Every structure is written in C-alpha cells, then in structure tokens.
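Colleague: Got a structure for you, questions after.
Numbering (my numbering), first residue to last: 46 to 1080.
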C-alpha cells in the first residue's frame, strides 16, 4: 500500500477541479477512503494507517496460531513456592537482614539448642482453647524464646519454600534497612538468650547455652624472678582470632595462645616480690564447649582512617580440627568437625551480603543458605567458604591450593566446629504439639493461598481461551467489503487484541467533528469494519457513539475542499494583492489595514488554512481512556488567543480603530475583498470610520499628565539639586560645623524620588516622605546615633535644614525626624551630645536586634558558600551542578514596575495617634520586615560552590554535602569560618554561628585518590550506633 501522505493526497485530489458547492456523495466517500483496497496478510508487513480497510498488523498474529496456555496469565505457579522434599526452609531478607538469617539457620541446625528451646514453656497454651486454636486472631509470640520457638518449628515443618522472620526481627527492634556487624549480633543475641533461659526451672533448658557454647580459659602471668603464677579465670563463647599476617587457622590459634613478655614500662607487679618484675603472660585453654565458635577478625579498625575495614586475605582451615595441643589438660576428646562457615561477600566493611555454608548434622550433607534460596552443595570437590565477590577488588590475590579435607576462604568471618562423637544423631527433634498446631495452621493458610492462586491461573486460562475463540471468529468477519459498515478506532482494536490489558468500552468521541460526525482528518486512526462485527463489539463491550455510513460529514468535506482550493490559489492572490497595494486609493472607497498584518498576511493565511486543514495530533477529546492534560490545553488555548489575528493590530483596547495612523494604511476595495476571502472574521474599518473617542480623551489626558510630571520633576530637581545629584551630603560621623540640626528621611524615599525625576513620564511622582517606615508602632525611632553612623546608614538619608524646608513645601511629611547637636557642661572644651526627635524606642530596638539574630540562627534552605583552600590559596573549581545555587542578582538590582498611579505603601501611611499601643511579637516582626529592607547577600564568584543548608542540620551532615561537592571525605575535612575552627560534628550549624551567606573555608588533609571505595566513605559518614536502642541491649 502507498505511504500515508500519498493516500492523503489521493483522497483529496478531486478538490482541485470540484468547487465546494459541487461536492457529491462520491466525493465524500473518496475523502473518507471507503473504497480503498484492503491489505492482504503476508503481503502487507505492517498496518497502513492511511487505509481504513487495512486490518493487518494490529495485533492479530498472536491469536491466529496455536497458543501456549501459560501465555494467558502472569501468575507464577504457586507450587514454585512449595518446599521441596528433603530440603530446608529459607528465610526472607527484609532489606538488610541477611546477617540475621545466616545465624538463625546455623542455630536451627544445632539440634541440642533446638530441642532445649522446644522445652521452654510458652504462652501459646493461653492461645489454644478447647480442641483447637482460636481462629479469629493470629498467634503473636510474646518473648524472644517464643519467637525463636515458632521460627524453628516453621523451619522444621513448614510447607513453604521460605518463611518471614519479621516478627522475630521486630521483637529485637532491629532496623531492617541497615546492615549491622554480624559478629556483634551473634555475641549480643547469645548473651540475651542465656539471660532469658537462666530463669527457666528445667536445667536442660537453663544451661543449654553454657553447655553448647561456653568454654573457659585463664590469663596466666608468671613472674620471671620468683616463678609465681597468677591466674585470672574467664568464660568465653567464641575465640576471636587475629588473621593479619597468617595463612592457616592453626597459626591464628597459636598466636591467640602465644606467650607475651611484660618488660620495661609494661612490667608486672608481683605480690610475692612486692615489686615490679619482668614477667610472661599467656592464655591457657582450660575447657572447650561442644560447639566451638571461631571468629576470624576480618573487620578491623584502621588507625589511618579512624574506621573499620575488611581484610580480604585467604585463610586455610580443615574439616577436622584437633584442639588437644592447645588445651592445658590432655587426654580428653578434643577433635572437632567443621559444621558451618559464615561468609561475607563484598570488599567493604559497611556493605555486602551474608550467606552460610552449613552441614546437616543428620545426613552429613553440606547446604548453602542464601536467604530464601537454599541449595545442596554437591560436586566432586567440596569448596567451603568460597563465594564470588559482589564487587571485584583491584588487589585480588590468587587462591592458594588446598589439600583434601582443607579449604581456603577470603570471605569467611566465622567458623563453627562441633565436638566429634562416635554416635550420629538418629532421631529427629520432635516439634511440641502446641507448636505443631500453629505450624499446621500456617500450612493450611499456605494451602488455601495455593488453591486460590491455582484458581486464578485457571480463570485466566479459561478467559484467554474464550478470547482466543472470539478473536479467531471475529477477525475473519471484520472486513466490511460492500456490505453495511461502521468505523471503530484503530487504538481500540489494538487493545482488544492485546492480552495484557482488559478491553474497555468503545469510545469514539475523540474522532468527532464539530457536527458530531466522523472528522475526515481522523480517518487515519480509524478502521472500517463490518456491521456484523460492530454489533458484536457493542453488545459485549458497550460504548459509542456508533459511526455508521451516516457519520460521514458533508459539511467538513465541503469546508476542507474550500480550504484546499484557497491554499492552491494563495500564491496567485498574493501577487494580485501586491499589485493592488501599489495603486493609490482615491475617495472614501478604501479600508484601513494594519501595516504589520499586510507584511505577514500570506503567512497568516497559510497558518490559518493549515489549522483549518486539521492536524490529527491536535485532538481535544479522549480516545479509549487517554485524555490530554487540561492545564496544558488551557495554556495552549491562551497562547493562541494572545497571538493577534489579521487586522487586529489596529484595534485599540476598547475594540475600536486605533488613533495612531503610523500603524495602518488604506487599501482599495478590491484588495480588501481578496483579503476577506482568507480572513472572513477580520475586523473591518472603512476609510470614513472615526478613531476611538475614548482613546482620544486618554491621549489628551496622558499628554497633559506627562507635561505636568515633567514640570513637577523639573521643579523638584531645581529645588533640591544636591540631593538629586548626591553632592555635598552631611555626615553624622563628621558633623558639619555650619549647623546644629540635621533632618532624616528614608533612603528608600530618596531613591524612589530620584527615579521619578530621572524618568518623569515612566514613573509616578512621589507625594509623601513616609518617615513612619523609620519609626516603631509606638512612634519611637528605631535607630541609635551610633548605628546610623555605621550599619544603618544605608537605610537613612541626612537632609540639610534648608533642604528640609523645601521638602515640606514639595511633599506631605507624616513624621519629622531630626538630630540636634548640643553642648553640655561648663568645661572647656564642653561635651557634645546628639539628641534625636522623636527619641529612641529602646524596647522595639532591642526586639529588632533580637529578631535579626534569631533569623540568622533559625533558617531553612539557606545558601552558604564553600571555598577549598590549598596552601592558603583558594582553589576555584567547576561547581557541582546538583548542589549549586545560581548566583541570582540581588533584590536591589531588580526594579518592580508599578502601574501608573499606584502608590507605595511605605509613603502613604496615615498619621497615627501618639498613644502608646500594645503590639504582639508576631505583628511587630512582620511590621519590621515590611518597612526595613536590608540585603546581606554574598556575591557568589565564579567557580564558588554554594550549598543549601538549614540551621538545625549538624556539621556531620554538612560534611557529607561538602564530600559530594569537593570529593573530600568527611574525616579529611578541616572547616573554619571567620578564623574559627568547626570541629564538633554533632553541633548544629545554628549553634556554630553559620548564618545565611556565610563563607566556609575547607582545607583537605589529603585527597582520596580511589573513589571506587566511596561506598565506605558514605557509610562511615553516618553515625555508627550499632545495636543501640534494640532489644539486644535490653531496650
């Protein structure tokens, strides 16, 4: 099929020879492309939008062949969530709780611990009534033991592939979004569990933690002089082994037990010798637990950075560990078997992922526990502790070769060994009846969910099959041919054939013309279908309006024909009008036309014709649920209305002929009639039409006002020349000898007056001095003599007595403010005093100062500036775009244009009484902000970095912002402001004296070269609170 534009031209080619009044039904059907040949599947590759009879490529291909049932739904098979036979149950990762999940699985596979926990008495008995569980409410464990009991029971007998540990995590008060130190979690939880179980009456339960995990060693100090031994006994639940400088686990254990010499300043005070003596100190293992936890100290404190880092060195360990050489009392059974390897994947100490390799004590098989996913570790060679890193490290060392029964790992941080016994556990740990009943109830819920999901899958499949049959039946009947037909939108047909979205009612409103018929320009987004198919569509899906053969709009086709003919003759008419414009218009036969309209009339006509021609994309309706933004359409309409149409450039604001003859010219009657063909709605002004009478009156008044304003400005400039030119101005700090009195007016008044004198025709005259802006509501002066010589000098202007007399004549003075110099005392020289009238209002002055200070301490989203200093030189860099605030011009640089006649509120305040009134603090502050204008904005220089901060944010948070802007880690930042060092990271910016527009100097200790480790920096910037506030610390 021909391209869309070719089809468009072919549909309207007849308009070149047919006049609008001669349009017939045949022309209408040609315009609507009723009889175009339909496309054939296999020949036409994609849908032809210009052909309403092309029904190929609209989404039918997925329905016409055989379809897999699984394509009818997006619901996963619920059996995928079912626990497989002879497999373990996983735990959901709630965000960053993988470290909790690994320990739960290790503890679960400690059969003795699990058995003891099952023996704990539970409040679940109160929950169970009669012969079953209360159905109306879910079971909620009350203690940590109960949570652990319930979790272990679910891990043992649940039908689910994984379970949710959120109740247990919530009971401990852990933050699910923050990854914590796994080794610290293990210690704290074991301590909490031991404390909780110590209250149990059953000794098997009460002592289970000590029996399983507790060993004993002694710190032994031997005096080199007398040989006396001093022992300090201590219990341990894990041995913390240093791995730096070691390659084998046995080397780490040997270092842990090695002898330490106490010499020099570190000598030992011997009670036997009663003096400090050289001595040796070492650790002796006295007894070992059944479960030996060996913590490999991978996460160590880095003295250079002041934060933790991970040691990614390989450590070798064997599956069998003989501890007899390391214990003091020989002869016992000290051979241990490896039962778990806990692993941290990732190069950083502050991020990564925790998993565990754990041995099933019953089968002896190894499993990998990775949150929800659990897999059996099979293969010819078992590789324990080996996991791929989440992030490749730059300095990865080669993995050493390991012999049979030994393993090497660079990510293992804890090894769990179990005492080797001849007997293997044969009987499984039985879940108590009350817990089993809870598990059964959860399994029932899971089964109900599986049935529900399966039913939903079945319904989706049945619905899909029905749709498949419907499409196969109806698609063959869609083509209309010569039989009765209707139009349906292409978009609706595509959505009907789209299996992923439900089919909505048919909505044809968007393709209607102003006559409520099918718009001819919309035919490219419509399809002609048979009346039979349309009847079925409307009966099943509803909607409307139905577009039958009667929906072909003759009015639109005729109008389009007229427009097309005008467009084709536009160039000829343009030449004709140009020739007519050359002739001189005589008599009163002419018409007024705007010069601007005449210059661009061809372009305006072309745009108007194109607009009438109809742009398919400019649709104001909705098509099958897709609506245009109302605000956008309103804005577009408003912009179109603001654009002047032809001859509207000579309209005055009152809709009449404008008075300026320079903007218009007379054209002949023949030229006007040609122009009217293109602009029938243009305003018409015959040559005899009078100009707007209202505009004439306003013009006369404006000329009179301008003349008056010029006269006033000239008079005021002549009367106050020095004030206007800012020459010979008095100064309070250097009081002039020729006068004892100086008057004060607002600097704002002087600036506004100067604007008027410079441009009297553009600015309104200033009629009032408005000195109330310098007074408080009580009528007292807001400034001290000292402040008027310094910081407040920008707010006032000093006036000579002679100038003041002239100001009183020229302006309305609401309040007289003056400063008088007097000599006091008989001494020579006498003391000089300066007295203000009215007097200073001390209360309001103090309140103003307090509020100004408070505003500097209580701000939000204010701008400060940061300079990076290297060798005491400011380094200018390109600003960080995400943190920059553009250096906008100051408010004083912006002059707000005011309509003529509008008075400034500061210069039209009524003279209030002198009675002292009580005002609220809020009203007073609002009053001062209105009348006293001061800009303290810092002029941001090129390359300077601006940050948005608030007074209540801490210095630590500011350092994080600076880190993003300058790539300097917080612990490398040295900040100062006005020579004062900023060091307290917990202090707020307000308390540190950082105010808006402050400039902070940054000096970096040394730049961070490798910012691939930026994740570490980001993590250490945040306060490291560990398990503070959680249930592990008794909160």
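Even glycine gets a Cβ: it sits at the ideal position worked out from N, Cα and C.
As the structure is a computational prediction, the values presented were derived from the model and not from experiment.
If we count the other Cβ atoms within 10 Å of its Cβ and call it buried at 16 or more, is residue 797 buried or exposed?
Modeller: Label assigned to residue 797: buried.
Colleague: Roughly how many angstroms lie between the CA atoms of residue 75 and residue 543, to the nearest whole one?
Modeller: About 31 Å.
Colleague: Spatial neighbours of residue 1004 within its chain, please: C-beta separation below 8 Å, excluding the five flanking residues on both sides.
Modeller: Only 1015, 1018, 1020, 1030 and 1066 meet the Cβ criterion.
Colleague: Can you tell which of 149, 159 and 191 has the C-alpha that lies nearest to the C-alpha of residue 168?
Modeller: Nearest of 149, 159 and 191 to residue 168, Cα basis: 191.
Colleague: Give the straight-line distance between the Cα atoms of residue 60 and residue 744, rounded to the nearest whole angstrom.
Modeller: Computed Cα separation, rounded: 51 Å.
Colleague: In its own chain, which residues sit with a C-beta less than 7 Å from the C-beta of residue 799, not counting the 5 before and 5 after it?
Modeller: These residues qualify, in order along the chain: 769.
Colleague: Closer than 6 Å by C-beta to residue 95: which residues in its own chain qualify, once you throw out the five before and the five after it? Chain order, please.
Modeller: 49, 52 and 569, listed in sequence order.
Colleague: Closer than 6 Å by C-beta to residue 268: which residues in its own chain qualify, once you throw out the five before and the five after it? Chain order, please.
Modeller: Hits under 6 Å: 315, 322 and 324.
Colleague: How many Å lie between residue 225 and residue 140 at the Cα?
Modeller: Roughly 12 Å separates the two Cα atoms.
Colleague: Apart from the five residues on each side of it in sequence, which residues of its chain come closer than 7 Å, Cβ to Cβ, to residue 222?
Modeller: Hits under 7 Å: 140 and 141.
Colleague: How is residue 289 classed by DSSP in three states: helix, strand or coil?
Modeller: Residue 289 falls in the coil class under three-state DSSP.
Colleague: Do you know how far the Cα of residue 238 is from the Cα of residue 273?
Modeller: So the two alpha carbons sit approximately 39 Å from each other.
Colleague: Spell out a yes or no on whether the stretch 396 to 407 and the stretch 324 to 335 are touching, meaning 3 or more CB-CB pairs, one atom from each, closer than 8 Å.
Modeller: No, the stretch 396 to 407 does not touch the stretch 324 to 335.
Colleague: Helix or strand or just coil, what does DSSP make of residue 509?
Modeller: Residue 509 falls in the helix class under three-state DSSP.
Colleague: Have a look at the DSSP bridge pairing and note the partners of residue 453.
Modeller: Beta-bridge pairing links residue 453 to 361.
Colleague: How would you call residue 487, buried or exposed, if buried means at least 16 neighbouring beta carbons within 10 angstroms?
Modeller: Result: buried.
Colleague: Beta-carbon within less than 8 Å of residue 380's beta-carbon, same chain only, minus the 5 sequence neighbours each way: which residues are those?
Modeller: Hits under 8 Å: 365, 366, 367, 368, 369, 464 and 465.
Colleague: Can you grab the Cα-Cα spacing for the pair residue 998 / residue 216, in whole Å?
Modeller: Answer to the nearest angstrom: the Cα atoms are 31 Å apart.
Colleague: CA-CA distance, residue 296 and residue 474?
Modeller: One C-alpha to the other measures close to 37 Å.
Colleague: Could you check what DSSP says for residue 999 in three-state terms: helix, strand or coil?
Modeller: Correct three-state label for residue 999: strand.
Colleague: Whose C-beta lies closer than 8 Å to the C-beta of residue 102 among residues of the same chain, with five residues either side of it excluded?
Modeller: Taken in chain order, the residues that qualify are 89, 90, 91 and 92.
Colleague: What residue range does the alpha helix (DSSP H) around residue 887 cover?
Modeller: Taken as a continuous stretch (DSSP letters only), the alpha helix (DSSP H) holding residue 887 covers 887 to 902.
Colleague: Can we say the stretch 765 to 785 touches the stretch 734 to 753, given the rule of at least three CB pairs closer than 8 Å?
Modeller: Touching, no, given that fewer than three Cβ pairs across the two stretches are closer than 8 Å.
Colleague: With a CB to CB cut of under 7 Å and the five nearest residues on each side skipped, what residues in its chain are close to residue 762?
Modeller: Contacts found: 769 and 802.
Colleague: Return the bridge partner residues of residue 790 from the DSSP annotation.
Modeller: According to DSSP, residue 790 bridges with 842.
Colleague: Going by DSSP in three states, residue 133 sits in which element: helix, strand or coil?
Modeller: The answer is coil: DSSP assigns residue 133 none of H, G, I, E or B.
Colleague: Quick check on residue 1025: does DSSP put it in helix, strand or coil?
Modeller: It is a strand residue.
Colleague: Is it right to say residue 496 is buried, meaning 16 or more other beta carbons lie within 10 angstroms of its own, or is it exposed?
Modeller: Residue 496 comes out exposed.
Colleague: In angstroms, rounded to a whole number, what distance separates the CA positions of residue 793 and residue 764?
Modeller: About 19 Å.
Colleague: Name the residue from 714, 594, 724 and 791 whose alpha carbon lies nearest to the alpha carbon of residue 651.
Modeller: The residue with the shortest Cα to Cα distance from residue 651 is 724.
Colleague: Between residue 813 and residue 859, how many whole angstroms is the CB-CB distance? I'm expecting something under 8 Å.
Modeller: With a Cβ gap of about 6 Å, residue 813 and residue 859 count as contacting.
Colleague: If you follow the beta strand (DSSP E) that residue 420 is part of, which residue opens it and which one closes it?
Modeller: Run containing residue 420: 418 to 421, per the beta strand (DSSP E) assignment.
Colleague: Would DSSP call residue 266 helix, strand or coil?
Modeller: Three-state result, residue 266: strand.
Colleague: When the Cα atoms are used, what is the spatial distance from residue 618 to residue 721?
Modeller: Roughly 12 Å between the two C-alpha positions.
Colleague: Using DSSP with H/G/I as helix, E/B as strand and the rest coil, what is residue 75?
Modeller: Three-state result, residue 75: helix.
Colleague: For residue 122, which residues from the same chain have a beta carbon less than 6 Å from its beta carbon, with the 5 sequence-adjacent residues on both sides left out?
Modeller: Counting only Cβ-Cβ distances below 6 Å, and skipping sequence neighbours, we find nothing.
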